[in-house]
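To convert a position in the sequence shown, counted from 1, into the numbering used here, add 256. Every residue, glycine too, gets a C-beta built ideally from N, C-alpha and C. The structure appears right after this line, and notes come after that.
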Amino acid sequence: MSTTSKAVRIAVDTMGGDYAPEEIIKGTVTAARKGDVGIILVGPVDILKRELAKYEVSYLPISCVRADEVVKEGEHPAFAIHRKPNASVAVAIELVRTGEADAIISAGPTGAASVSAIRSLGLMPGIERPVLCVPLVGFAPNTVLVDGGANIDCKPHHLLSFAVIGSVYAKRLLNINQPRVALLSIGQEEGKGNKLIQESYSLLRDSGLDFIGTIEGNDVLSERANVIVCDGIVGNILMKFYESLGHYIVRWLKGRLGSLPLAGSVKKLLDQMSSFTKMTKDESDDGGLLWGVNGVVHLMHGNSQAQQVSKAIAKTKHTVEIDLIGASRSDLATIISKLPNYKVTFRPS
257 MSTTSKAVRI AVDTMGGDYA PEEIIKGTVT AARKGDVGII LVGPVDILKR
307 ELAKYEVSYL PISCVRADEV VKEGEHPAFA IHRKPNASVA VAIELVRTGE
357 ADAIISAGPT GAASVSAIRS LGLMPGIERP VLCVPLVGFA PNTVLVDGGA
407 NIDCKPHHLL SFAVIGSVYA KRLLNINQPR VALLSIGQEE GKGNKLIQES
457 YSLLRDSGLD FIGTIEGNDV LSERANVIVC DGIVGNILMK FYESLGHYIV
507 RWLKGRLGSL PLAGSVKKLL DQMSSFTKMT KDESDDGGLL WGVNGVVHLM
557 HGNSQAQQVS KAIAKTKHTV EIDLIGASRS DLATIISKLP NYKVTFRPS
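Here it is in structure tokens:
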């Protein structure tokens, strides 16, 4: 869509996340004050009014839409969305479907957001499940991890579609024309890994993608692969470990060097590493796009606070402005058209 003539409108699930609604609304107010974005707060109106009363918002482009139900952590995603059609995340996503909003952000349960997005917005052609793409910013800037936690129970054809979406991400956002794809496993030999890995290996090998085989954990940051494919459990564990890695490296070094008289070069190195750690954290702590659905759905971490919410709104606004979904849909169709076995191996669950 073109947004040159009007401000981007972002629906905000105010009831999702560990610090909802206080931090969610605080972050949206901060983003609205920066201008050029319309905010639609979705949640119980009495709660929205109570939180907004803490700020001067009369001049800000903030509106409210009522949604009296909340999906909580631990609820079965599909059952919860079915039982709670007026849940804040479902109502917010429906605003995107009807065109009242251009995008939605949520810090609520990933599964519920995924189910609601699939039901309301649908999936891009050739995709059965949406995924979270995790760029390994900092240590491996030319690598993306797929899936970062949207899919827990996976079948081989799911991992094949993850590889296709990851290839679209690498082409569109990493500017890599022919991304190298690898499966994450416990060894580099073809027969290593569980049944899921072994069967996925065959599909990827025959897919037409630039599949280089399996890689182990010690190769994740080597950039041998531009797209690393795994199920959502492995991906989410690895993502959260990676997000904390820089912090613990710096803490370890400071603990051993902090009591020593540091030479200027050593202190400079520690300062640079601290800056690097902050950059890595800043690039990832506001979550990311749910790839594969026909709309902009930005999922934040459950522990997101105001700063992360404000950043997520800015990132989501940019995603809409550059029409990333439309461009990705085109890229996806192009890639799938060049994979002779994709339609044969792609099966419904």
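Exposed is the label assigned to VAL301, since fewer than 16 other Cβ atoms lie within 10 Å of its Cβ.
The alpha-carbon of GLU577 is positioned some 46 angstroms away from that of LEU513.
Taking a C-beta distance under 9 angstroms as the contact criterion, LEU580 and ARG428 qualify as a contact pair. Between ILE266 and ALA287, the alpha-carbon positions lie close to 11 angstroms from each other.
Closest option to LEU316, judged by alpha-carbon separation, among ILE296, ALA369 and VAL485: ILE296. When DSSP states are grouped into helix, strand and coil, PRO391 belongs to the strand group. Per DSSP, reduced to three states, the secondary structure at GLU577 is helical. The DSSP-derived three-state label of ASP302 is helix.
In this structure, the straight-line span from the alpha carbon of GLU331 to that of GLY367 is close to 9 angstroms. For the options LYS262, ARG322, ALA263 and ALA276, the alpha carbon positioned closest to that of ASN559 is the one of ALA276. Apart from sequence neighbours up to five positions away, the residues of its chain that approach CYS410 with a beta-carbon distance below 6 angstroms are ASP487, ordered along the chain. Pairing LEU477 with VAL506 gives a Cβ-Cβ distance that is not under 9 angstroms.
Under the three-state reduction of DSSP output, ILE349 falls in the helix class. The DSSP assignment places complete alpha helix (DSSP H) segments of no fewer than 4 residues inside the region 407-482 at 412-429 and 451-461, in order along the chain. With a cutoff of 9 angstroms on beta-carbon distance, LEU377 and VAL420 are scored as not near each other.
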